[in-house]
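Inspection log for the structure reproduced underneath, given as structure tokens.
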Amino acid sequence: MNTPERTLEMEAPTIRGLLSKRKIEARRKALLRELRDRWVEELNPRAVNAIEVTPSGDLGQNTRPGTLERASHGVKGSTKPSGKPGRMR
2 MNTPERTLEM EAPTIRGLLS KRKIEARRKA LLRELRDRWV EELNPRAVNA IEVTPSGDLG
62 QNTRPGTLER ASHGVKGSTK PSGKPGRMR
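Counting from 1 along the sequence shown, just add 1 to a position and that's the residue number in our numbering.
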């Protein structure tokens with residue numbers, strides 16, 4: 002099986018991109034380390050685990066397993082349906 006011959010000029014953009022990614026990652030890690038040293042006073046992993054981050058980046062509180070969501074009630078006499086879409090209202 003023959004391997005393709007590629008010159009340095011042909012590989013330069015790929016190499017440049019890889020080196021750039023490594024440099025960015027190293028700078029990001031250094032900045033994160035610096036900010037942690039400067040600002041983090043205490044680390045509590047249990048408190049961090051109590052926060053839920055959705056794929057869209059929204060924050061919320063994790064619910065305990067087995068708990069049910071409280072139903073929302075509309076204003077008395079309102080014609081607008083209450084509750085979440087997709088559930089019986």
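By construction, the Cβ of each residue, glycine as well, lies at the ideal position given by its N, Cα and C atoms.
message = How far does the alpha helix (DSSP H) with G58 in it extend, from its first residue to its last?
response = Where G58 is concerned, there is no enclosing alpha helix (DSSP H), given that its DSSP letter is neither H nor E.
ask   = If you draw a straight line from the alpha carbon of E35 to that of P46, how long is it in whole angstroms?
value = 20 Å
query = Hey, how far is the Cα of A48 from the Cα of Q62?
reply = 10 Å
inquiry  = Distance check for R17 and T4, CA to CA, integer angstroms please.
reply    = 22 Å
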